[in-house]
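Novice: If you're matching positions, the sequence shown starts at 2 in the working numbering and goes up one per residue. Where a beta carbon is used, it is the ideal one built from N, C-alpha and C, also for glycine. Questions regarding the structure given below will be posed in turn.
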Amino acid sequence: MAGINRRRRNKASIHPRHMTPDKDFTPLPLSEGDELFPNGIFEFNITRMLAHIEADSGGFPAGETEVSPLRSSTPERLDEKTIRHADVSKPILLAEISPGSFNVIDGNHRVERAAREGLKTIAARRIAAERHIIFLTSLRSYLAYIEYWNSKLTDT
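This is the structure:
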């Protein structure tokens, strides 16, 4: 067909970060009091993620990241008392939500306090998609995340 450029996809052309569903994936059971981070259909168990990171802190090194781009566009939705008591020395969690793009999933109150105190940077742990996907709370969310992630990949 003239004028149509079709690329064939084969195993050699699949992006190295392409995800394939694990047939043995089991969503994390929720316990009373677990902190969750909902992002549309994607819901992460933050309590379990933090426990995992605490047990393997060497596998999740903290670095510094700029405060201003992380500040919430709706700080009025944050609890003022929690902001005042937030420990800005504790690293926030940044989850890779699309290739190379990270969002705060734990620490919005710390980010807001850091901004109000004029801090330019804050300690942060960056969690790659391949490492945080196990903390999704439903099979539906897990499968949708894989589809979403793969749709964001481009051949390099």
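What is the DSSP secondary structure of A3, counted as helix, strand or coil?
Specialist: Position 2 of the sequence shown, counted from the start, is the residue given in the question as residue 3. For A3, the predicted structure reports a pLDDT of 39, less than 50, and the residue's modelled location is therefore unreliable. A value from the coordinates is still provided. In this structure, A3 counts as coil in the three-state DSSP scheme.
Novice: Assuming F136 and R49 form a contact by the criterion Cβ under 8 Å, report the distance between their Cβ atoms to the nearest whole angstrom.
Specialist: As a first step, residue 136 must be located in the sequence shown, where it is residue number 135. As a first step, residue 49 must be located in the sequence shown, where it is residue number 48. Between R49 and F136 the Cβ distance is about 6 Å, and since that is below 8 Å, they are a contact.
Novice: Please list, in chain order, all residues of the same chain as I147 whose beta carbon is under 6 Å from its beta carbon, the five residues on each side excluded.
Specialist: To locate residue 147, count along the sequence shown from 1; it is residue 146. The answer, listed in chain order, is M20, P22.
Novice: Please classify P62: does DSSP put it in a helix, a strand, or coil?
Specialist: Here residue 62 refers to the residue found at position 61 of the sequence shown. Coil at P62, not helix or strand.
Novice: Throw me the rounded Cβ distance for the L95 and R126 pair, which I believe falls under 8 Å.
Specialist: If you number the sequence shown from 1, residue 95 lands on position 94. If you number the sequence shown from 1, residue 126 lands on position 125. Right, the Cβ-Cβ distance comes to about 7 Å (below 8 Å), so this counts as a contact.
Novice: If you draw a straight line from the C-alpha of E1 to the C-alpha of Y149, how long is it?
Specialist: The displayed coordinates of the chain run from 2 to 157. Any statement about residue 1 would go beyond what the structure contains.
Novice: May I have the straight-line CA-CA distance separating L31 from A145, to the nearest angstrom?
Specialist: Against the sequence shown, residue 31 aligns to sequence position 30. Against the sequence shown, residue 145 aligns to sequence position 144. Using only the alpha carbons, I get a separation of about 19 Å.
Novice: Determine, using beta carbons only, whether P92 and A115 come nearer to each other than 7 Å.
Specialist: Within the sequence shown, the letter at position 91 stands for residue 92. Within the sequence shown, the letter at position 114 stands for residue 115. Not closer than 7 Å, so no.
Novice: Terminal residues of the continuous alpha helix (DSSP H) containing E148?
Specialist: Walking along the sequence shown from the start, residue 148 turns up at place 147. Element bounds for E148: 140-153.
Novice: Could you check if I128 is buried or exposed, using at least 16 other CB atoms within 10 Å of its CB as the buried criterion?
Specialist: Taking the first residue of the sequence shown as 1, we reach residue 128 at position 127. Residue environment for I128: buried (at least 16 other C-beta atoms within 10 angstroms of its C-beta).
Novice: Whole angstroms is fine: what's the gap from K24's alpha carbon to L140's?
Specialist: Taking the first residue of the sequence shown as position 1, residue 24 is located at position 23. Taking the first residue of the sequence shown as position 1, residue 140 is located at position 139. For the pair K24 and L140, the Cα-to-Cα distance works out to about 10 Å.
Novice: Could you say which of S58, S99, E55, I47 lies nearest to S152 if we only look at CA atoms?
Specialist: One-based indexing of the sequence shown puts residue 152 at position 151. Nearest C-alpha to S152: S99.
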